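*Asks:*
Protein chains in written order, with our numbering: chain A, -8 to 303; chain B, -8 to 303.
1. Looking at C-beta atoms only, is the number of pairs between the region 39 to 48 of chain B and the region 161 to 169 of chain A that lie closer than 8 angstroms three or more?
2. Flag residue 298 of chain A as yes if its beta-carbon sits less than 8 angstroms from any beta-carbon of chain B, otherwise no.
3. Step through the CB atoms of chain B and report whether any lies within less than 8 angstroms of the CB of residue 169 of chain A.
4. Hey, residue 111 of chain B and residue 103 of chain B: beta-carbon distance below 8 angstroms or not?
5. Taking buried to mean at least 16 other C-beta atoms within 10 Å of its own C-beta, is residue 180 of chain A buried or exposed?
6. Determine, for residue 35 of chain A, whether the minimum Cβ-Cβ distance to residues of chain B falls below 8 angstroms.
7. Can you pull the DSSP bridge partners for residue 96 of chain A?
8. Looking at the secondary structure, which residues open and close the alpha helix (DSSP H) in which residue 258 of chain B lies?
9. Along the chain, where does the alpha helix (DSSP H) that runs through residue 236 of chain B open and close?
10. Select from the region 128 to 152 of chain B all residues with a C-beta closer than 9 angstroms to any C-beta belonging to chain A, and list them in chain order.
11. If you follow the alpha helix (DSSP H) that residue 16 of chain A is in, where does it begin and where does it stop?
12. Note down, in chain order, each residue of its chain lying with its Cβ closer than 7 angstroms to the Cβ of residue 216 of chain A, except the 5 sequence neighbours on either side.
13. Using a C-beta cutoff of 8 angstroms, does residue 85 of chain A count as contacting chain B?
14. Can you tell which of A/206, A/46, A/204, A/187 has the C-alpha that lies nearest to the C-alpha of residue 220 of chain A?
15. Rounded to the nearest angstrom, how far is the Cβ of residue 298 of chain B from that of residue 225 of chain B, given a contact under 8 angstroms?
16. Cβ closer than 9 angstroms: which chain A residues qualify as neighbours of residue 28 of chain B?
17. Quick one: what does DSSP say residue 40 of chain B is sitting in, helix, strand or coil?
18. What are the boundary residues of the alpha helix (DSSP H) that includes residue 124 of chain A?
19. Answer with yes or no whether the minimum CB distance from residue 76 of chain B to chain A is below 8 angstroms.
20. Which whole-angstrom value describes the C-beta separation of residue 71 of chain A and residue 132 of chain A, a residue pair presumed to lie in contact below a C-beta threshold of 8 angstroms?
21. Between the alpha carbons of residue 46 of chain B and residue 209 of chain B, how many angstroms are there, rounded?
22. Hey, out of B/117, B/193, B/212, B/184, whose CA is closest to residue 49 of chain B's CA?
23. Taking residue 122 of chain B as the reference, give the member of B/147, B/137, B/138 with the closest Cα.
24. Quick check on residue 12 of chain B - is its C-beta less than 8 angstroms from some C-beta in chain D?
25. Residue 69 of chain A and residue 11 of chain A: beta carbons closer than 8 angstroms?
26. Please list, in chain order, all residues of the same chain as residue 128 of chain A whose beta carbon is under 6 angstroms from its beta carbon, the five residues on each side excluded.
27. Which bits of chain A does residue 31 of chain B rub up against, with CB to CB less than 7 angstroms?
28. Whole angstroms is fine: what's the gap from residue 83 of chain B's alpha carbon to residue 92 of chain A's?
29. Using a Cβ-Cβ cut-off of 8 angstroms, state whether residue 109 of chain A counts as contacting chain B.
30. Which residues, taken in chain order from the region 94 to 105 of chain A, show a beta carbon closer than 7 angstroms to some beta carbon of chain B?
31. Is any beta-carbon of chain A found at less than 8 angstroms from that of residue 120 of chain B?
32. Per DSSP, what kind of secondary structure is residue 169 of chain B in: helix, strand or coil?
33. Say whether chain A places a C-beta atom closer than 8 angstroms to the C-beta of residue 54 of chain B.
34. Do we get a CB-CB distance below 8 angstroms when we pair residue 88 of chain B with the residues of chain A?
35. Note down, in chain order, each residue of its chain lying with its Cβ closer than 8 angstroms to the Cβ of residue 75 of chain B, except the 5 sequence neighbours on either side.
36. Please name the residue, chosen from B/262, B/254, B/202, that lies closest to residue 175 of chain B on a Cα-to-Cα basis.
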């Protein structure tokens, strides 16, 4: 899929989501790959339930648009973007588990462990995470091995101990899962760090990965990473604001949950107005990170505003 | 660690286990890597509990010895072997969860979800799996990007939907988790396939990965893969036999569990004598796969016999 500058932002986001859906559908087909022994139907079904049919596919969009900036497009980019989305989907499945956030609904549908069972949800998450690295390392994704190795490394760093998984642990601690059940009183820097790990790291990688796929110069790659970090932070402050504001129907999941769990949020610490100001400042930072790129980066600039201003 | 032909097999296995323990200890230290934001102590602790202080480290041993056959040794090989062991350890943590096999003991210690809690066990498993790919893709593991990408791809194929994770799903089905709670009646080929996925694929990769690290010729890599597959199958038949024979004390976990769960095993279908004959035949197949390698492969030949004849 090439960059689609003639479309509105929403139409471009939707067109990308369709392309990702098709790519994920193909990757998660019953067809056994070399090195695989069989694809058990129940596990394939569980992975498809978790990965297909929903979501804005914002992370893939960021990767696709960032890659386009450096002249990379086509099936390989869609494969890499789909791999990233698999990691996002696995994290939702595991976070929804009874032992974690214990959610029954996700995008208006029963969560995977409610739809099937906990064992299937644990295994499907594991297998999606594993498959993401499979796809990233596959020559079909990029001809250059160093690009594939860099994609794997960036994805792993963004989603592991020092990124998303670590952020989820900090989140559980903040909710009072440990230390006698009392929620932790986090200050604003601690909340920002938690969010940078839990959500920001993967969004930042999405933008950086486009630069990796397009073999961008180090300074360009750094600019895309800075863009992704600022966008990710804006996205998460927006999420905190939405958690307070949005109705349950509009989100497709229970809201106000953070407050109900006693979790500190930036809105709680800064107040709604100051939180909105921080969100908008971060969105501007993201846009300014792209100062060197001219009109070709307009989609990414729109994406930063979209992440900050989204209503769901 | 170079190949250690002067030692007995048990001493060589033990020396390798020590080297892997040291490498894992270093990799799972508190030190934050580039691209990581922080390493939350509770998650690091959970990962260390899962990965350190136990196990024969048979998979790393196979990789180290296979790599030595092609002239590869040192820190990079130990890192790759430790990454593989992380995947093995993650699989034990998730398989032990209440929603899966619901085990309280592992290697004579409380399982991680008993030692900490289920959320920590799920997250530590996720983070170990993710970190394994991080280590494989890191330039510190091998200078050549194509080697790193091949390691990632092989590890992912062996441990994902078409390998270990898929095998665990087949195992849950075989136990009667689905279809109204009735255990499935698997025939011998279905049991062999289940075992090839659940256990065999990762053992086969262990041997193949040494060939990848040593940049072996395709025919040599194929021979190591064949060796690993046969060894993996022998290992699993030996496990079925041990499950029937061994005492609870010697194994450090409850035994006879497969039978208690109504699971079909090769011993149940073939009888003990025929199962022993199959195990020994597979061990011989493994040894014969190494026919082209001369005395340098003696350690691997011993490993095949060890996998078949082990008493725990």
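Beta carbons are placed, not taken as given, at the ideal position from N, Cα and C, and that holds for glycine.
Remember, it's a predicted structure, so these values are computed and weren't measured experimentally.
*Replies:* Short version:
1. no
2. As a first step, residue 298 of chain A is located in the first chain; it is residue number 307 there, counting from the start. Answer no: the Cβ-Cβ gap between residue 298 of chain A and chain B never drops below 8 angstroms.
3. Looking up residue 169 of chain A in the first chain gives position 178. Yes, contact with chain B.
4. Counted from its first residue, the second chain places residue 111 of chain B at position 120. Counted from its first residue, the second chain places residue 103 of chain B at position 112. In contact: residue 111 of chain B and residue 103 of chain B (Cβ atoms closer than 8 angstroms).
5. Walking along the first chain from the start, residue 180 of chain A turns up at place 189. Exposed.
6. Along the first chain, one-based indexing puts residue 35 of chain A at 44. It does: the Cβ of residue 35 of chain A has a partner Cβ on chain B nearer than 8 angstroms.
7. The sequence position of residue 96 of chain A within the first chain is 105, counting from 1. Paired residue(s): A/101.
8. Residue mapping note: residue 258 of chain B aligns to position 267 of the second chain, counting from 1. 257 to 261 is the extent of the alpha helix (DSSP H) around residue 258 of chain B.
9. For this step, residue 236 of chain B is matched to residue 245 along the second chain. First-last of the alpha helix (DSSP H) with residue 236 of chain B: 209 to 236.
10. 128, 129, 130, 135, 136, 137, 138, 139, 140, 141, 142, 143, 144, 145, 146, 147, 148, 149, 150, 151, 152
11. By 1-based counting over the first chain, the position of residue 16 of chain A is 25. Per DSSP, residue 16 of chain A belongs to the alpha helix (DSSP H) from 0 to 18.
12. Position 225 of the first chain, counting from 1, holds the residue named residue 216 of chain A. Cβ neighbours of residue 216 of chain A beyond the five flanking positions: 195, 198, 199.
13. For the purposes of this step, residue 85 of chain A is identified with residue 94 of the first chain, where counting begins at 1. Yes, its Cβ sits closer than 8 angstroms to a Cβ of chain B.
14. For the purposes of this step, residue 220 of chain A is taken as residue 229 along the first chain, with counting starting at 1. Among A/206, A/46, A/204, A/187, the Cα nearest to that of residue 220 of chain A is on A/187.
15. In the second chain, counting from the first residue as 1, residue 298 of chain B sits at position 307. In the second chain, counting from the first residue as 1, residue 225 of chain B sits at position 234. Yes, residue 298 of chain B and residue 225 of chain B are in contact; Cβ-Cβ is about 5 angstroms, under 8 angstroms.
16. By 1-based counting over the second chain, the position of residue 28 of chain B is 37. Those are 153, 154, 157, 158, 184, 187, 188, 191, 192, listed as they occur along chain A.
17. Residue mapping note: residue 40 of chain B aligns to position 49 of the second chain, counting from 1. Helix at residue 40 of chain B.
18. Mapped onto the first chain, residue 124 of chain A falls at position 133. 109 to 128 is the extent of the alpha helix (DSSP H) around residue 124 of chain A.
19. Here residue 76 of chain B is taken as the residue at index 85 of the second chain, counted from 1. Not an interface residue.
20. Sequence index remark: in the first chain, residue 71 of chain A carries index 80 (1-based). Sequence index remark: in the first chain, residue 132 of chain A carries index 141 (1-based). Yes, they are in contact, since the Cβ atoms of residue 71 of chain A and residue 132 of chain A sit about 5 angstroms apart, within 8 angstroms.
21. In the second chain, counting from the first residue as 1, residue 46 of chain B sits at position 55. In the second chain, counting from the first residue as 1, residue 209 of chain B sits at position 218. Roughly 31 angstroms between the two C-alpha positions.
22. Here the question's residue 49 of chain B lines up with position 58 in the second chain. For the residues B/117, B/193, B/212, B/184, the minimum Cα distance to residue 49 of chain B belongs to B/193.
23. Here residue 122 of chain B refers to the residue found at position 131 of the second chain. The candidate whose alpha carbon is nearest that of residue 122 of chain B is B/147.
24. The structure shown contains no chain D; the protein chains it does contain are A and B.
25. By 1-based counting over the first chain, the position of residue 69 of chain A is 78. By 1-based counting over the first chain, the position of residue 11 of chain A is 20. Yes, they are a contact pair.
26. Position 137 of the first chain, counted from the first residue, corresponds to residue 128 of chain A. 139, 143.
27. As a working mapping, residue 31 of chain B is identified with position 40 in the second chain. Going along chain A in sequence order, the residues near residue 31 of chain B (Cβ under 7 angstroms) are 157, 160, 161.
28. Along the second chain, read from residue 1 onward, the residue named residue 83 of chain B stands at position 92. Along the first chain, read from residue 1 onward, the residue named residue 92 of chain A stands at position 101. If you take the alpha carbons of residue 83 of chain B and residue 92 of chain A, they lie about 23 angstroms apart.
29. Along the first chain, read from residue 1 onward, the residue named residue 109 of chain A stands at position 118. With 8 angstroms as the cut-off, residue 109 of chain A counts as an interface residue toward chain B.
30. none
31. Locating residue 120 of chain B in the second chain gives position 129, counting from the first residue. Taking Cβ atoms only, chain A reaches closer than 8 angstroms to residue 120 of chain B, which makes this a yes.
32. Walking along the second chain from the start, residue 169 of chain B turns up at place 178. The answer is coil: DSSP assigns residue 169 of chain B none of H, G, I, E or B.
33. Within the second chain, residue 54 of chain B is the residue found at index 63, counting from 1. With 8 angstroms as the cut-off, residue 54 of chain B does not count as an interface residue toward chain A.
34. For this step, residue 88 of chain B is matched to residue 97 along the second chain. Answer yes: the Cβ-Cβ gap between residue 88 of chain B and chain A drops below 8 angstroms somewhere.
35. In the second chain, the residue the question calls residue 75 of chain B occupies position 84. Here the set comprises 50, 51, 54, 123, 146, 193, 196, 197, 200.
36. Counted from its first residue, the second chain places residue 175 of chain B at position 184. Comparing Cα-Cα distances from residue 175 of chain B to each of B/262, B/254, B/202, the minimum goes to B/254.
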